[in-house]
Structure formats: structure tokens, C-alpha cells
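Chains as they are written, first to last, in my numbering: chain Z, 16 to 361; chain D, 16 to 361; chain Y, 16 to 361; chain L, 16 to 361.
Listed below in C-alpha cells is the structure:
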């Protein structure tokens, strides 16, 4: 069975596992004070060219979003997100559980359009009743977005400028950041650190067993460790994330595994287009969203695992095919054969 | 200065005040166990033809919405509302503060379209990832809606049927219910009690100093008094609301003051249309939403208080003019004169 | 039946009701922008000699505690209270519902002992694990306490100094403040405004139908109106509280009704002691807590309403007898007769 | 440096790591649907002799407590805990963050005394004002307690009976359960499954890199997976916990590493007593709490890591020494030598 259903089907990259094995018996202090976490934080600060940054390691994506967003917003504030954003759709109301509203914005290719954001903020403050409304207190973006799309440096700069003008932080959910950085796009990790106030560097979907690095580029909020503890997100053995991120950020592994997955995704995309499949979005990253006739799906699922995305009215469906560090060129080739057979039969 | 800015500019209806004065010195138990609250509950049960109903009196509209919605939803559930609904827009995130998400639906004339609701619910359960999403746990409607519009009995029945099918309660926010019941519409108070699981009968905007009656047609949830207390909504002197609702529901005052305000609103509407003003929505209730040239507004505001609703792109704005028990026919006549003068000058 | 069960059995003081009647038909803006609220705020600032103070009017005691405490605490903070404090015992977990812990301290006569508070704060910061604990973020005191006792000016100064040293606000719950100010004690309203950061001036239990004034002596926190709205505590007809507090604070009514009730309570206390009843606490305020043989209670309850406080192991119980503005000297005399008869029979 | 400061200083037991390595490259579905989690759940059900039990794997102890307690309590309920309990003292208010109060009970050797619990519950329902109070909705116990002590089967049965009578669940925090099961005590894992409604089997402090098994002996609450997701506790790679618990529960490793640590702790205890050190509590588990003269601590800390527990007034302090799977007999011998040298110098 081919494995294209997501980017977290296997455990972790072998070099990450190696680090866990090598460090396993060394006694370390708990709660993130271990030497691996310390070194990983330093490697991340260097990769971001953000020497002032504070970095925390949390176990998962929904968790890090809820802790960071819920922890930074003040009681009367909510967070803007694309109405397709992960926090709005697929985190079971984790932000609302912390008492804060997600303020949905109509998306443009899965992204927030800077012009729309500006209009929304201006409209809020122009409304004579805005004291009866949730104040906008943050902008949440995902990069890559839930549809695999990316912000350009110009777009990110525009969002950053708007946030600065309205004095609210710009937060980037980088659950799949490795694939954004490896794609054909002009945004670098130092750009992100410069333009966002807070962002995450995803480990779980980029080669780790678990773990997201939460980066505050201008330093952490007061007593943030206690806040992490309060929300059940402080690992006693902080070394588990620390060692993994040390492995990911020494010798550039994080970037390398992003490049490998994206190269294969681009080959996959080309092959899909060549075979006449339309793409739901033009994604430059590791997730591809072909439109597939419903009639082919039962047969396809016998040979290749994929994720069902949405039914269209026209006898076809959008599916997701994802590559990862564990995908090889032979997997893509094999998938093409499967597709060719299917279409031959169809 | 003419008073059309809202329906809560004055204190309470004189008969309500009379009741407060007459009962003032009689000692009563606290927290809703007083005889006025008991009698008011009984009068409401009779008016609703719902002998099993449990009734609580809370002080205000945002409060009663948050306590009822937050109290009824289970932790994994959210509440559907029109994206123009009061809980989504103008309650400062009160529902989210209780930990629950408002699930917005595109509105139709300020209302939830039953067909859209059904599609949304079916789509939710058809989504293979719905366990990662907020479960729909209630439907919130306002009647009249925020645009003065009303559900017909057929629409309300359709919504009720869908809710029954999906086993979620239908909640009606009746902050201005007196005006809905007095309008040219086929929904009666017993209809509401029959078709909704929970609803409010608004006092604050319908003749009381404060107070909303919260009606559970099939009996209250367990320990609801404690829940009200926990959320800061239990009045020590429950008699304050009890006596007011007793006055509103003995001798049909609630219905009478609704009729008076709606009759004047219909006269107002007719006069506005006759004078060539377009209406943003065709409202059969006490709130009217004329489109007025921006150039006229400064002069209008010298003679009549109104509420600004929204700027349009075309040099005109939507304003709200509201009638209430305190509005007299002479106020409407006087407003017409003001408008005639304005247009003469324009 | 004599009415000693509490201080909120009747409606409001006749002068408060008179104000509501006189102002009833005057149109006013909503949400606390009415002229009565404005004047009441000014009168309170003057009575407190705190010209910089911001004042908000909320409907009830549990509500104002939860909004103020939950609104001021930062996410990682909790609030110290005597373990007998109202927020710890009798508010159904309203503070915890806002996400914050009440940190109980062993009380001394219903009060927090400054020395104990200091030890507790020093112990917290000395604990090497305190980042895993709830940070102390406020001190809550009630004055009078739940047992009718009062802080002296020296005690209040000591608490205030400790709070300043540890940079946390001192919050006073003044649900029955009128009786504290009228008692034989050296703390004045300006003292309270000088020594506390936030405090309430109770209306509900001191002559109003509803309403507590929340006073921030150094100015309100940012966007506090929105916070009040979010927590369901913003009255549309803010005039309801505004007019009542205007009546209470013009011509010194608040102080006068406190004096009347306390004078009668002192007569009551003297009479109880003269009749050989022990007192559970030596209360200088309007609540008295005699120890009464259980055998007398059924008969007593036929003539006088009282509150049951707690059963002791020795065949006697503590009950509460409260005076208020509605109590007359004849009520106390009548109660003495009842007690004399009971003891004659006993 | 000797490692006695806690039981989570190293990574995971070698056999646990081996399992992670062996399974690393096998594709698996996410969110706990992997085959290792399935097998681990089955092994746990068998070890508990609870074939109906539902088992979830969460990453850490504070997290699992907050999700389970906050998820099971109804809005008006709180949870009883010893005032020394972990949820009351050392979880940064995680339970309160979910909106619920911890109801502290005076402890007996770190445990809840059944007689006291019964009195407390009876007192609550006897209080005429209990509707204004937080309802008791659960009993939380830790086993071993925070002081290393254990409930006997008789005590656990008594607590269970009281909970049944009052219809509230009994929850056991088993963060260090391996050491409880290996100690000289009559409570077995099937006893726990029979007498508790919910309990945890700690992995983090008993040989895993992370992970706590949450066991609902009579089946899970509705939509519990969504609740876990909402609170940020659902791991995408559920295999991380699944594989570790599979390793811990196949071939009895969990029990074996508990026995090893407890045997060494008993040797340690004996050696401490033989050397004249008093013990703060008589702990039969892996944590020992000797009272050590303050003068010896600086020198001790040069050779052995320990945890500081509390200063006493008499020139001595309580410290914690913990054993784990990673402790060897030679470590205990070496510690004795260090202590002998210290005392020789002292």
C-alpha cells in the first residue's frame, strides 16, 4: 500500500531517532531545562537570525496554537483567521475553549488577503458600537495554508505592516513550515522571524515523533512557562522535544527533509497534470489536491492511501496526496502506475 | 428631541413601575422564591400554554443568552447562529467566554434558512474528520431578528423538525418578542413554546427596567439555579424581575405594548415609503431601517435621535428608527414633519 | 412575622424608589451613559475623596466579584481569600468559572491576618517550584466579613502595604459596606479608597433593589466596559443602577441607613447578651450571630424569620439575625418579647 | 553525580526505546488508531481485568488530570482533593482553567480519610444554602500520594463506597502507579479498576519518555476524543504513546521496573534509618523523604542530586530522594558512602 494520506504516517526521521537513542541515558533536568532543549533553542535562534527570540517546545499543533493564542490575547480580544484556517475548522474549538473568539475572514486561496484585513480592522474601529464587540487582538495565518498555498514576502510584509499599525501580533502557524521553506517562494526563516511576532516551527508533520517549536521573536510573555503548565502542555521530559529539534536543526536536516518532500510533490503535481487531473489549488508545497472522478476512488484506495477532502457536485472529489521525508521517488512512480491503470480501466 | 434611537431610552411602562411601588415593602424570600416571581412564572406558563415549562428571570439579554447557551451546550459542542446574529456580532464574545464556539451561517434576511441548516448538519456528520471539529449542539435564532424580520410558522416548524431530527435544542432569543407577537405574522407565543426547546421573553426592550424571562418548555436542566448563580446572574432580590413580569403578563400588558409600538412602526414605515425612502429590510416589527442620504443626517440628528446602522458606498446610510411603548402617534407625525422639512431643504 | 432573616427582604428604601419614579420617563442613553449614572459616579468619587476613581454599576454581588476578580487577574494568577470568604464558599465557583483559582487562607474572625498573608506570599516566592503553582495575583477581603467583623485601619493599612510590596491589588468586597461605615470602627470610605485598589459599594443589601458600585481608585483597566459586556453584566438600562446610587449618595442616605441598621443591631446585641445568649462572633455590624438552643428554634421560627447558620455539637445552633433600613425599633422590642416568652417556656 | 532528584531524569527504559525503534518506519493511522495503541489498550484491559474499559493515551500528568477532571465534571461541580494533592498545589491551576473548583480536604498522611470525606458530603447536602455552592462532583486521589503513601484496599473500598452512595466518580491519579503496585500493599491493578471509575497509569515517571494511560473502567464518556482534541491533548502520532505502553505492558515490564525501583527505595530507607535520619513520612514507595540537617545539604549536593521539599524550623529540611528503573544498587551504596562521609565530617 502506498502511503500518501498524510505527512505523519511514519515515526520520525532516522537521524531524529538516533539522537533520542544516543541521549537516552544521560540524566537531565526536567521541564525544558535539559541541555538538548537549550542547544535546540540556540540552533533555532541562529537559523532565524533572531538572537533575542525565546523558544518553547510543545507536543502538538492544536496545543501550541491554543496555548499561544489563548495566552497572548487579552480577555476582550479575539483572533482573525481565514474561515478555512485550522483553528477555525479543525481544532475542535480549542481557541474558544480558552474563552476567545476566532474572527473568521473570507479566504483567498486559503490565505488572508491584506486588503481585506485592513478593511476589516478599519471597519471595526469605525463602528460606533465596537465596545460591544470582540476586539481584534491577533492575526493568525498558516504557512503553508490548509490548501498548501504560501504567502509571498510582499504579502507577509503587508500583513505585518497592518498588524504593527493596529498594534496586534501576527502569529504564524508553521505546522508544515519545512515544506514552505523548501518551496519555490521568496519567504525565508529569517523573514518570518522578522515579520511575525510569534510563530511555530512544526516538528510532528516534518520529521519528528512529536513537537512544535514556539518562537517569540521579541522575547516571551511574562510567566509563559506557568501558562504552558496550566494548560497541560509542559512535558516533564522536555528532552523528548529538545533532542528531536536539536537533531532537526543541526546540519540543516529540517530544511533538507523539506526539500526532499517538496521535490517529490512537484514531480507528483507534474505527473497529475500530465495525466489530466485538475488541481483544486495550485500548491507549491508537499500537499497536492487533485480532483479525481468518484468512480476511480474505490480502486485507487486499494493501492494507495490518500485523504478525502471534499465531494464536488459533478461526480468528482478533491483528495489530498501528501509527501514527506519518508516518501521516495519510487513511491511517486508507483502511484503514477496505479493512476495509469485506473484511467486505462475507467 | 424625538426619541427613535432605540426601544430602551425610557425607564419602564407606568404599570410596571406601579407594581414595583405597590410591592416594595412586603418582605419576600430572595433568589426568585418570592411570590411575584412565582405568580409571573405561572402567568407565563399560561400565556405559553406550557404547563410543564420552567421559567427563570435574568437581568439582561447578553446574560441570558450566555447562561442558557453556555449552560446547555456540552463541552464539545457549539451553537449555530446567523452570521448577523446578536451572539455572533454584538455580545463581546460572551458565548465564547463560556468556552463554546458560535458556528456562523450565512443569513437570509437576518434569519437562518432551514434548507441551509439541514445541509450544514448533514455535511458535518458526513465529514470523516468531524471528530476534530466542534459538534453542532444547538440552533440559535432571534425573533425578531437583528433586522426586524420574523420567522413564519412554516419556517419555525421546519427549523424545529431539523433540530429534533439531529437531537439538538432550538433556542429563540426573544429580546424583542413583544413586537414579534404583535406583528402581522402567524407565529403565536404557544407556537413558540411548542416549537422551541428554550426561548426568552424580553423585558428590557419591551417595557421593563430590566429582565428577561428564560423559558424551558420541557423543564429546566439539572441544577440550573446553581449555574445561574455561578455565572453571576442570580439576583438576590428576584422580586425586581418577578414583579415586573407579573405586571407585564397580567391583563395582557406585554401584548398591548407590543401592538402599540408595532402600529406606530407600520405608520412610520408607510410614511417613509411615501416620502421615497428605501428600506434596507422589509421589517414588520418595531424597528425600521430606512436608507437616508448622508447629507440629511446632520440636520436630522438635531431634531430626532436615531441609530446609525451602516454606511453604504453610494452617499447614503442605513439608520434605525425604533418605536416602543413610550412612543406616541404625535412623535411619528412630528418625525414626518422633520423629514419633510429636510427634504424640502435638500 | 418579624423579618430578621437577612437585609434584602424588602424592595428598596423609599427615597430610592422615589428617584426611580421621578426619572422614569426621561429618555436617556443606554449602557451607563445616562445622566443619573454620571451624577452617581461623581457623588461616589466625592464621598471617597478619590477624584481619579472610575466607577461602574453592576447588578449583583457575585457578578461584580467575578467580573472584577476574573477581569483583573492575569491568566497565571489566583486570588487569596479567607477560607470563609464569600467567593470561596457561597458563589458557586464563579471565580473559578472565569478560569482562576481562589487561594484559601485560614481566617481569623472571618478576616485575613496580615502576618499570615505575608508569610504565605514570602513562602510562595521562596518555593523553588513556584513556577508550577498558581501565582498570587490579588487579595480579596470582605468588609464587613461574612461574620460581621471589620478590619481596623491598622489592619487594612498592613494588608495594603503587603499588597504594594508584592505588587498585587487589594480588593474589598463591600456588599454590606454601609454597615461597616456606620459601625464603631476607624475605617472611613476615603480610607478604603486610599488603601484598596478596587472595592465595591454594595447597594442590594444596603437599600437598593439591585446594584453594586465597582470603584477603581486609580482608574479602570483597559476596555473594562467590553469585559463587563462579555460577562453578561452590562445593563442596557444603566439608569436603573445609576438612579438608585444617585439617591443613595445624595444627602448621605447610604450612610444614614447604615447608621439606623447598626444602631438597632447594637440594641439587639445588648438585648441578646442580657438574655444570656452567647454570640458566635462579636460583630459590630448589622448581622448578629447568637447561639440558640436547638429546642427553641421551632417556636422562634413561628414569630421571627432568621437564617440558620450552623449546628454545633452541643444541642445549640448559630443563627443569623440581620437588621436593615426596613427594621424599626419596635421590631427589635418585639423580638425581645418573643425571646423572653421562649425562654420562659423553655 | 548521583541521580536521586526525581524519577524522570533519564529518557525511557531501553525496552521502550527498542519498541520505538522497531516500529518507527511502519506507516500507521494517526490520532490513536495505530496498531500499537490498539494492542496497548488490549494489554492494559487484560492487566486490569477490565474487558469493558476504554483507554486513552495522553502525553503528561497535568494534562491528563485536567482533561479527565474538566471533561467529566458538570458545570456546577467541583472535585474534592487532599489539600496536598497535585491538582491543588502543583498544576498551576489547570483544573480551575477548565472552569471548575478544587475542593480541598485536610489530608491524613497525604491521603483523603474516608470518614472525613463522608462528613464533608453529608454536610454539603445538609446545608440549606448548598445551591449557592459548588456541588461535589468527583473525588480525586493520588496513589502513591504526593508523600509516597498508599491507600490500603480497605481505604480504597471505603472511598469507592462513599462515591457510589453519592453518585460521583472516584478518580485515581496514578502518575507513579508502577511503584504503588510494587510496594508492600494490598491494592492490585484489578482492585483499582474495580474500585475506581477512572484512573491513570503513569508512563512518564515509570519508564516512558512521555505518556499517561487514562482508563475509564466502565467505558468512555461521549465524544471524549473530541474533548481531548479540544484541550490540545490529542497526539497526531498516537503511536508515540501506543508503542511505549505496548512495551511497558507486554511481558510485565511496567511491574518489573516498579519492583526494581521499590526494592532499592526500601534499601535506601533502611540505610537512612540506620544512619539516624528521621523520615518525614513512612513511604513504602520509590520516593523517600528524609529529614536532613541544613548544614549537610551544601556538601550533599556536590555528590548527589536530590529535591528540596521543605524547610523546618529546627535547622533541618525535608528532602526527596527518588529511585527509578535507572537506579542501580551501586547508586544506593554510593549514596550511603556519601552520607557516611558527610556525617563523619559533621
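Just so it is clear, CB atoms sit at the ideal spot from N, CA and C, and this is done for glycine as well.
Starting from residue 151/Y, trace the beta strand (DSSP E) both ways and give me its first and last residue.
First-last of the beta strand (DSSP E) with residue 151/Y: 150-157.
Mind listing which residues of the stretch 24-37 of chain Z have their C-beta closer than 8 Å to chain L's C-betas, in chain order?
Taking 8 Å as the Cβ-Cβ cut-off against chain L, the residues of the stretch 24-37 of chain Z that qualify are 24, 25, 26, 27, 29, 32, 35, 36.
With the cut-off set at 8 Å, would you say residue 255/Y and residue 224/D are in Cβ contact?
It is a contact, given that the beta carbons lie within the stated cut-off.
By DSSP, does residue 16/Y sit in helix, in strand, or in coil?
DSSP places residue 16/Y in coil when its eight states are reduced to three.
Checking contacts by CB at 8 Å: is residue 221/D closer than that to chain Y?
By this cut-off, residue 221/D is not an interface position.
Residues from the stretch 136-157 of chain L in contact with chain Y, defined by Cβ distance under 9 Å
Within the stretch 136-157 of chain L, the qualifying residues are 141, 142, 143, 144, 146, 147, 148, 149, 150.
List, in chain order, every chain Z residue whose beta-carbon is nearer than 7 Å to that of residue 112/D.
Chain-order list of chain Z residues neighbouring residue 112/D: 114, by C-beta distance under 7 Å.
To the nearest angstrom, report how far apart residue 201/L and residue 334/L are at their CA atoms.
Cα to Cα, the separation comes out at about 27 Å.
Any Cβ of chain D within less than 8 Å of the Cβ of residue 409/Y?
The shown model of chain Y, from 16 to 361, leaves out residue 409/Y, and the question about it has no answer.
Give, in chain order, every unbroken run of the beta strand (DSSP E) that is at least 3 residues long and sits entirely within the stretch 252-317 of chain Y.
Within the stretch 252-317 of chain Y, the complete beta strand (DSSP E) runs of at least 3 residues are 306-308.
Could you compute how far the alpha carbon of residue 306/Z sits from the alpha carbon of residue 280/Z?
So the alpha carbons of these two residues sit roughly 16 Å apart.
Any beta carbon of chain Y sitting closer than 8 Å to that of residue 107/L?
Chain Y, which has a Cβ nearer than 8 Å to the Cβ of residue 107/L, makes this yes.
Is the beta carbon of residue 253/D sitting closer than 8 Å to the one on residue 217/D?
Residue 217/D sits away from residue 253/D, with the two beta carbons spaced by 8 Å or more.
Which residue marks the beginning of the beta strand (DSSP E) containing residue 33/D, and which one marks its end?
That residue, residue 33/D, is in no beta strand (DSSP E); its alpha helix (DSSP H) goes 29-38.
When the cut-off is 8 Å and only beta carbons count, does residue 192/L lie next to chain Z?
Interface flag for residue 192/L against chain Z is unset, since no Cβ pair is found closer than 8 Å.
Using a Cβ cut-off of 7 Å, pull out every chain D residue sitting near residue 119/L, in sequence order please.
Ordered by position in chain D, no residue passes the 7 Å Cβ test against residue 119/L, which lies about 19 Å from the chain.
Please confirm whether residue 357/Z and residue 314/Z have their CB atoms less than 8 Å apart.
Against a cut-off of 8 Å, the Cβ pair of residue 314/Z and residue 357/Z comes out as a contact.
Taking just the CA atoms, how far does residue 100/D sit from residue 163/D?
Each residue's Cα considered, the two are about 12 Å apart.
Please report the distance separating the alpha-carbon of residue 172/L from that of residue 160/L.
Each residue's alpha carbon lies about 17 Å from the other.
Would residue 34/D pass as a contact of residue 261/D if the rule is Cβ separation under 8 Å?
In this structure, residue 34/D lies near residue 261/D, with their beta-carbon atoms less than 8 Å apart.
Chain Y beta carbons: is any one of them nearer than 8 Å to that of residue 211/L?
With a threshold of 8 Å between beta carbons, residue 211/L makes no contact with chain Y.
Rounded C-alpha distance that separates residue 146/D from residue 136/D
Distance between the alpha carbons of residue 146/D and residue 136/D: 14 Å.
Taking only beta-carbon positions, decide if residue 262/Y is within less than 8 Å of chain D.
It does not; no Cβ of chain D falls within 8 Å.
Please go through the stretch 182-216 of chain Y and give each complete alpha helix (DSSP H) segment of 4 or more residues, from N-terminal end onward.
Segments of the alpha helix (DSSP H) lying fully in the stretch 182-216 of chain Y: 192-197, 204-210.
Give the single residue among 337/L, 309/L, 316/L whose Cα lies nearest to the Cα of residue 327/L.
Ranking 337/L, 309/L, 316/L by Cα distance to residue 327/L puts 309/L first.
Quick check on residue 85/D - is its C-beta less than 8 Å from some C-beta in chain Z?
Residue 85/D has a beta carbon lying at 8 Å or more from every beta carbon in chain Z.
Paired residues, beta bridge with residue 322/L - DSSP
Under DSSP, residue 322/L forms a beta bridge with 335/L.
The stretch 308-336 of chain Y: which residues have C-beta closer than 7 Å to a C-beta of chain L, in chain order?
The residues in question are 323.
Taking the Cβ atom as the reference point for each residue, do residue 155/Z and residue 194/Z lie within a distance shorter than 8 Å?
With contacts defined as CB atoms closer than 8 Å, residue 155/Z and residue 194/Z fail to qualify as a contacting pair.
Taking 8 Å as the threshold (beta carbon to beta carbon), is residue 93/L in contact with chain Y?
It does: the Cβ of residue 93/L has a partner Cβ on chain Y nearer than 8 Å.
C-beta neighbour in chain Y for residue 90/Z, strict 8 Å:
Answer yes: the Cβ-Cβ gap between residue 90/Z and chain Y drops below 8 Å somewhere.
Give the straight-line distance between the Cα atoms of residue 235/Y and residue 318/D, rounded to the nearest whole angstrom.
Each residue's alpha carbon lies about 35 Å from the other.
Pair within 8 Å by beta-carbon distance, residue 244/Z and residue 77/L:
Yes, the pair counts as a contact, with Cβ atoms nearer than the cut-off.
Under DSSP, the beta strand (DSSP E) around residue 95/L begins and ends at which residues?
First-last of the beta strand (DSSP E) with residue 95/L: 92-97.
If contacts are defined as beta-carbon pairs under 8 Å, then residue 55/L and residue 204/L qualify, I think. What distance do you get, rounded to the angstrom?
In fact, because the Cβ distance is near 15 Å, the residues do not count as touching under 8 Å.
Report the CB separation of residue 196/L from residue 270/L in whole angstroms; it is logged as a contact under 8 Å.
Confirmed, about 6 Å.
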